[in-house]
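In the numbering used here, the protein residues as written are 814 to 1078.
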């Protein structure tokens, strides 16, 4: 998953990249061939040469240059980012990560965090949010849980009524603090699910306990077979931040306080 130098697999500019500063706006990072194969912007020929299409079905133009970050755009020339492309990219990346790890870490219940074996995963755009339906296995029991991924805060409440009506468990993994990171760091955040919460838990319908932010950047041990490892930067932890700071700080300031990182070369 060690993808591009300037644009991560979710379509966000990587903080501190050589071309431009990070942004809260995602770009189109992937195009699709007629046979379904995906091509990253770093590997695409300029212009229309590869005949790629967007997740929404529109033809894509590969914009590549030396000044700004390379990205795809719709052939029509619209400058607005394609929400469908962004959500599909996040769902694909998350699915691939969890399949490599082979397990799903659940949010806390009464102070305990459990993991469950992943059997099958299917992608689904749920509302305007990237999501997965994960089939889990524990002994002879099989279950299904929805996992939603947020890159902006404040989306959770819109889904609780929906999953309560379905009587289906659903959780959220918040990637807001990681959206401008490189792929391995995003994968680590997904694999450990440290900043996670229950949208609705069918077995404990009235339970409320957020797994982050107090533990979001805590080191987690991984099994020998796990492909994803924590970035080396995470060994240099700074002082803890308060709940108020977590909710209000801009992500660049948040990462500076927690990691000691800056955008300066």
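Cβ coordinates follow ideal geometry from the N, Cα and C atoms, glycine included.
In this text, all values refer to a predicted model and were calculated from it rather than measured experimentally.
Contact under 8 Å by Cβ, residue i with residue j
{"i": "residue 1012", "j": "residue 963", "result": "no"}
{"i": "residue 986", "j": "residue 1015", "result": "no"}
{"i": "residue 945", "j": "residue 992", "result": "no"}
{"i": "residue 922", "j": "residue 885", "result": "no"}
{"i": "residue 910", "j": "residue 1004", "result": "yes"}
{"i": "residue 938", "j": "residue 904", "result": "yes"}
{"i": "residue 875", "j": "residue 857", "result": "yes"}
{"i": "residue 994", "j": "residue 883", "result": "no"}
{"i": "residue 988", "j": "residue 1000", "result": "no"}
DSSP-derived helix/strand/coil call for residue i
{"i": "residue 913", "result": "helix"}
{"i": "residue 900", "result": "helix"}
{"i": "residue 880", "result": "The predicted position of residue 880 is uncertain, since its pLDDT is 49 and thus under 50; no value can be drawn from it."}
{"i": "residue 996", "result": "helix"}
{"i": "residue 930", "result": "strand"}
{"i": "residue 977", "result": "helix"}
{"i": "residue 989", "result": "helix"}
{"i": "residue 918", "result": "strand"}
{"i": "residue 1006", "result": "coil"}
{"i": "residue 1016", "result": "coil"}
{"i": "residue 888", "result": "coil"}
{"i": "residue 908", "result": "helix"}
{"i": "residue 821", "result": "coil"}
{"i": "residue 1052", "result": "Legend: pLDDT at residue 1052 = 34, less than 50; position of this residue unreliable, value from coordinates given subsequently. It is coil, neither helix nor strand."}
Neighbour-count burial assignment, residue i, 16 or more Cβ in a 10 Å radius
{"i": "residue 899", "result": "buried"}
{"i": "residue 1017", "result": "exposed"}
{"i": "residue 861", "result": "exposed"}
{"i": "residue 896", "result": "exposed"}
{"i": "residue 931", "result": "buried"}
{"i": "residue 786", "result": "Nothing can be reported for residue 786, as the shown portion of the chain is limited to 814 through 1078."}
{"i": "residue 869", "result": "exposed"}
{"i": "residue 1008", "result": "buried"}
{"i": "residue 873", "result": "buried"}
{"i": "residue 824", "result": "buried"}
{"i": "residue 978", "result": "exposed"}
{"i": "residue 912", "result": "exposed"}
{"i": "residue 998", "result": "buried"}
{"i": "residue 914", "result": "buried"}
{"i": "residue 950", "result": "exposed"}
{"i": "residue 935", "result": "exposed"}
{"i": "residue 901", "result": "buried"}
{"i": "residue 826", "result": "buried"}
CB-CB length for residue i against residue j, believed under 8 Å
{"i": "residue 933", "j": "residue 918", "result": "Residue 933 to residue 918, Cβ: 18 Å. No contact."}
{"i": "residue 844", "j": "residue 863", "result": "7 Å"}
{"i": "residue 877", "j": "residue 859", "result": "5 Å"}
{"i": "residue 920", "j": "residue 984", "result": "5 Å"}
{"i": "residue 961", "j": "residue 942", "result": "5 Å"}
The ligand ATP heavy atom lying under 7 Å from the CB of residue i
{"i": "residue 937", "result": "Ligands are entirely absent from the displayed structure, and the ligand ATP is therefore not among its contents."}
Cβ of residue i within 8 Å of any chain B Cβ
{"i": "residue 923", "result": "Looking at the structure shown, chain B is missing, and only one protein chain is on hand."}
Scan the segment 831 to 870 and note each continuous alpha helix (DSSP H) run of 4 residues or more that stays entirely inside, going in chain order. none
Restricting to runs no shorter than 3 residues, where is the beta strand (DSSP E) found entirely within the segment 943 to 974? 954 to 963
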